[in-house]
Amino acid sequence: MNVTEVRGEYGEEESPPLIHSENNSRPRRIALFVEPSPFSYVSGYKNRFQNFIRYLREMGDEVMVITTHEGVPQEFYGAKLIGSRSFLFPWYQKLPLSLALSPRIVLEVARFKPDIIHASSPGIMTSLQVFGALTIAKLLCVPIVMSYHTHVPVYIPRYTFSWLVEPMWLILKFLHRAADLTLVPSAAIGRDLQAARVTAANKIRLWNKGVDSESFHPRYRFHEMRLRLSNGEPDRPLVIHVGRLGVEKSLDFLKSVMDRLPEARIAFIGDGPYREELEKMFSGMPAVFTGMLQGEELSQAYASGDVFVMPSESETLGQVVLEAMSSGIPVVGARAGGIPDIIPADQEGKTGFLFAPGDVGDCLSKLEPLLQNKELRETIGKAAREEMQQYDWKAATKKIRNEDYNAAIWFWRKNRSQLLRPLQWLATRLFPSPEVNN
């Protein structure tokens with residue numbers, strides 16, 4: 010889906026002018042506010058931000074990263090890393106949050122003199138660090154871009170109270186209307202934000218998907234890993250799921266699916282607050298919980314399964330779906346959130362399959378033929394792998410750097426000039442230009 014479909018149609022006077030790429034390439038100073046940390050908290054957006062930082066640096070930009078203090082490395086591709094003191098979110102343990110508005114942080118960012126600030130906060134309490142970044146941007150008079158990675162209003166009823174949904178929409182509107190541009194990971198989320206009138210449609214842009222096709226590759230299929238994931242029964246059909254184990258991921262749905270597949274095995278790769286409950290739910294069933302895997306072990310886990318199942322209805326993108334497809338594994342995913350952007354209607358049955366959310370029968374109708382037919386699995390897996398090879402993190406970073414950041418700066422300058430118009434009007438009245446006599 011292209012960007013214009015996400016941000017909608019708008020008049021020529023509202024559109025940033027197209028700028029030739031040679032004018033976009035000058036180095037900038039970019040301050041990134043990222044919460045939770047892309048260095049210590051494992052989730053779908055970790056690879057996105059690590060690759061984003063890497064390629065910004067390779068393109069010559071100076072980058073400062075402000076994130077929660079735990080697990081911040083000494084160095085990351087030459088970016089300057091600032092840890093902000095954090096606290097745990099009470100309803101979702103292991104999720105550190107910070108306000109990022111201490112005098113130390115403000116002074117560090119002021120000394121850095123950023124050309125643009127980019128704030129991302131995909132957690133339940135998305136407003137905290139973004140408020141800090143927004144305040145600093147306004148204090149320093151710097152353009153600000155916000156990226157929206159988790160559909161917060163959908164998660165709130167599952168972790169807190171339903172009556173908080175409407176206030177959260179109001180907070181999101183306040184924050185994103187104050188931003189100069191909003192980036193979204195999928196067209197579906199862009200449409201949702203438009204429908205809720207979170208910000209102007211022409212200020213919503215798509216952050217193109219990307220995947221590390223070398224790290225997630227069919228060559229990592231490994232018999233020893235398959236033994237581990239299948240609990241010593243590698244010849245049985247093996248369903249895998251990778252990701253954070255949270256109640257919002259609809260993982261209890263997989264219990265109903267596996268009840269109907271007595272010959273199959275399932276492996277959950279990942280950790281999270283819902284793990285203990287899931288382990289109890291799958292007690293006595295052929296299920297393996299590996300906990301967090303990283304590096305080559307994670308690559309092996311993807312490539313050693315037969316089918317990847319994604320039941321979540323709230324994925325803004327579904328990075329794990331991209332990684333599974335890049336690993337040559339067929340995906341059966343819920344037709345919801347950002348997943349249909351990865352497996353669009355014209356590719357269903359070619360690069361993967363979608364099922365109606367919550368419909369066990371529909372899911373099984375897509376899953377069983379794959380588990381029973383090795384040739385079909387290989388055909389779909391090969392097509393999925395070929396599809397993923399066109400998505401490149403470097404190209405996605407270049408687009409944001411050379412197009413979206415320029416658009417944000419254009420909007421920022423336009424808004425600033427509009428704010429100055431009353432003063433300009435007053436000045437022309439107080440100090441009129443002298444008339445020229447012919």
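Just add 9 to wherever you are in the sequence shown, counting from 1, and you've got my numbering. The C-beta atom is built at its ideal place from N, Cα and C for all residues, glycine as well.
Under DSSP, the beta-bridge partners assigned to methionine 155 are Ala128, Thr191. Rounded to the nearest whole angstrom, the C-alpha separation of tryptophan 172 and tyrosine 157 is 22 Å. Arginine 35 sits exposed, since fewer than 16 C-beta atoms from the chains shown fall within 10 Å of its C-beta.
Per DSSP, reduced to three states, the secondary structure at histidine 226 is coil, with no helix or strand assignment. Look at the beta carbons and you see the segment 283-299 touching the segment 260-270: at least three pairs across the two are nearer than 8 Å. The beta carbons of valine 81 and isoleucine 62 sit no closer together than 8 Å. By the CB criterion at 8 Å, threonine 388 and tyrosine 64 fall outside the cutoff. With 16 or more neighbouring CB atoms inside 10 Å of its own CB, glutamate 324 falls in the buried class. In the DSSP assignment, histidine 232 falls within the unbroken alpha helix (DSSP H) covering 232-238. With contacts defined by Cβ atoms closer than 8 Å, phenylalanine 362 and valine 341 form a contacting pair.
Counting only runs that start and end inside the segment 371-407, the alpha helix (DSSP H) elements of at least 4 residues fall at 383-397. DSSP places serine 259 in the coil class of the three-state scheme, outside both helix and strand.
Counted as a single uninterrupted DSSP element, the alpha helix (DSSP H) harbouring methionine 334 occupies residues 328-335. Given a length threshold of 4 residues, each whole run of the alpha helix (DSSP H) inside the segment 278-319 is given here in chain order: 284-290, 304-312. Sequence-distant partners of proline 47 (beyond 5 residues in either direction) whose C-beta falls short of 6 Å from its own C-beta, in its chain, are Lys55, Phe58, Gln59. Listed as beta-bridge partners of lysine 89 by DSSP are Met73.
The shortest CA-to-CA distance from alanine 88 to any of Leu116, Tyr400, Thr77, Ile39 is the one to Ile39.
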